[in-house]
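Per the numbering used here, the sequence shown starts with residue 4, numbered consecutively. Notes to accompany the following structure.
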Amino acid sequence: MAAADTGKRIEEAQKLAKTEPAKAEKIYQDVLSQDPGSNEQAIKHYETALLALGDLYRDQNKADALAELVRQARSVLSSFAKAKTSKLVRQLLDLFTAIPNTTDTQISVTKSCIDWAVSERRGFLRQNLETRLVSLYMAKQSYYEALALINSLLKELKRLDDKLVLVEVQLLESRVYHALGNISKGRAALTSARTSAASVYTPPLLQAGLDMQSGMLHAEDGDFNTSFSYFIEAMEGYHSQDEEQKATSALQYMLLCKIMLNLGDDVNTLMTSKHAVNLEDDRFITSHLRRLYDNMLEQNLIKVIEPYSRVERKLSQMILDKVIIGVLDQGAGCLIVYDESERDKGYDAALNTIEKLNSVVEVLYTNQASMLE
């Protein structure tokens with residue numbers, strides 16, 4: 004097939020992608036079925052058709068079809084330059100992120116690509132794919148699998164002195180330890196990442212990730228002022244790279260810091276700024292809101308018990324005086340208050356009957372005693 008004809012067919016498929024996706028898919032598959040060989044124009048058409056078909060599957064949420072496309076393309080990509088191959092594989096795998104509920108599929112495809120990269124002796128691509136796999140393990144909350152892979156990568160990267168990838172992996176290590184609740188190791192990993200980053204140019208997106216993690220770890224120590232400063236830097240970094248979702252998360256954390264510092268007016272100012280956002284559920288926010296709830300509960304309890312030097316003794320006296328209807332549960336360390344029930348009139352009638360019977364018995368006893376005398 005002539006290169007000019009192939010180019011026209013690809014243009015036709017691109018026009019049909021929105022209106023008749025099935026026809027567009029067929030054209031792309033026909034183009035991809037032809038081995039481009041070493042012809043530069045044919046290789047360019049192959050790349051265009053490959054990525055366009057990937058976009059088509061992404062838009063239709065066809066995760067399985069996209070996974071199969073990645074597997075089939077590898078046989079042709081083996082003949083491409085290593086840099087071009089790495090770029091195309093990463094671009095194809097990035098398409099999965101827009102398809103919901105595909106974490107397991109992504110893990111499977113990424114593992115398959117890692118095996119292929121090992122067999123093709125493409126070390127740089129393998130490292131990149133393993134770093135991606137760590138992120139996928141984190142998304143699935145498979146933290147121990149992520150740590151095992153991180154430890155393997157760190158040994159190799161330190162030996163190769165690949166600073167940029169090393170920073171990325173050390174940042175992932177910090178996030179994993181933070182997720183596991185091991186703050187000290189998370190902080191140590193972040194310090195290592197910042198040390199490595201000091202000797203190499205750090206892309207804005209990676210720098211924003213470092214700032215975000217720094218803010219989160221400072222928040223764990225209760226240093227919300229420093230945390231707020233890091234979140235500002237992270238938000239600006241993500242915003243400059245059009246990472247709106249991550250920028251939104253940074254803004255949420257900024258609001259959380261102000262709430263934890265009891266600076267309500269600053270929260271209102273942030274919410275009316277150009278970065279205003281609707282807050283959504285977030286694990287980091289949830290954990291600190293629990294801490295905030297505990298602090299507020301303690302403060303309110305202090306207000307309640309302030310007038311009393313010995314609250315338990317006072318409560319006991321109030322129970323005895325029937326001011327409070329309840330009991331003190333020493334085991335649970337709490338006061339159990341019961342609803343005050345209405346007085347049963349049957350008790351009063353029974354008491355009157357007993358009182359009258361007592362009077363009758365006393366009269367009989369007196370009469371009997373006088374007869375015995």
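The beta carbon of each residue, even a glycine, is placed where N, CA and C say it ideally should be.
Helix, strand or coil at residue i according to DSSP, with G and I counted as helix
i	result
leucine 360	helix
isoleucine 322	helix
aspartate 332	strand
isoleucine 186	helix
serine 36	coil
glutamate 23	coil
asparagine 228	helix
aspartate 62	helix
aspartate 165	coil
arginine 178	helix
serine 41	coil
isoleucine 327	coil
arginine 125	coil
lysine 11	helix
Status (buried if at least 16 other CB within 10 Å, exposed otherwise) for residue i
i	result
leucine 360	exposed
leucine 282	Since pLDDT at leucine 282 reaches only 46, below the 50 mark, its modelled position is unreliable, and the value read off the structure follows with that caveat. The residue is exposed, with fewer than 16 neighbouring Cβ atoms inside 10 Å.
leucine 175	buried
alanine 279	In this prediction, alanine 279 has a pLDDT of 46, which is less than 50 and means its spatial position is unreliable; nothing more can be read from the coordinates.
leucine 160	buried
methionine 257	buried
arginine 135	buried
serine 373	exposed
glycine 218	buried
serine 177	buried
threonine 100	exposed
leucine 193	buried
glutamine 216	buried
cysteine 260	buried
alanine 352	exposed
proline 207	exposed
cysteine 337	exposed
lysine 348	exposed
glutamine 248	exposed
proline 103	exposed
leucine 195	Reading off the sequence shown, one finds serine at residue 195, where the question assumed leucine. By the 10 Å Cβ count, serine 195 comes out buried.
isoleucine 328	exposed
Inter-residue Cα distance where the pair is residue i and residue j
i	j	result
leucine 35	valine 179	40 Å
serine 145	leucine 152	11 Å
serine 78	threonine 105	24 Å
leucine 80	phenylalanine 231	46 Å
leucine 59	aspartate 118	26 Å
glutamate 71	tyrosine 147	29 Å
isoleucine 110	leucine 150	15 Å
glutamate 123	threonine 198	33 Å
alanine 3	threonine 108	With the chain running from 4 to 376 in the structure shown, residue 3 is simply not present.
glutamate 43	phenylalanine 83	10 Å
glutamate 15	alanine 25	13 Å
aspartate 297	methionine 263	12 Å
aspartate 245	alanine 253	13 Å
lysine 18	alanine 68	21 Å
leucine 132	leucine 91	12 Å
leucine 331	glutamate 223	36 Å
glycine 334	glutamate 315	13 Å
glycine 189	arginine 12	53 Å
arginine 74	leucine 128	15 Å
aspartate 8	threonine 88	25 Å
glutamine 320	isoleucine 339	15 Å
lysine 47	glycine 184	48 Å
valine 326	leucine 318	9 Å
isoleucine 357	leucine 367	15 Å
valine 172	leucine 53	30 Å
leucine 167	aspartate 38	35 Å
For residue i, the first and last residue of its enclosing alpha helix (DSSP H)
i	result
isoleucine 339	Where isoleucine 339 is concerned, there is no enclosing alpha helix (DSSP H), although the beta strand (DSSP E) it sits in stretches over 337-340.
isoleucine 110	106-122
valine 203	From DSSP, valine 203 is part of no alpha helix (DSSP H); its letter is neither H nor E.
glutamine 144	It is not in any alpha helix (DSSP H) - glutamine 144 carries neither H nor E in the DSSP assignment.
- Task: For the segment 75-103, list the alpha helix (DSSP H) runs that are entirely contained and at least 4 residues long, ordered along the chain.
- Result: Counting only runs of 4 or more residues that sit fully inside the segment 75-103, the alpha helix (DSSP H) segments are 85-97, in chain order.
- Message: So within the segment 242-271, which uninterrupted alpha helix (DSSP H) runs reach at least 4 residues, ignoring any that extend past its ends?
- Response: Fully enclosed alpha helix (DSSP H) runs of 4 or longer: 247-263.
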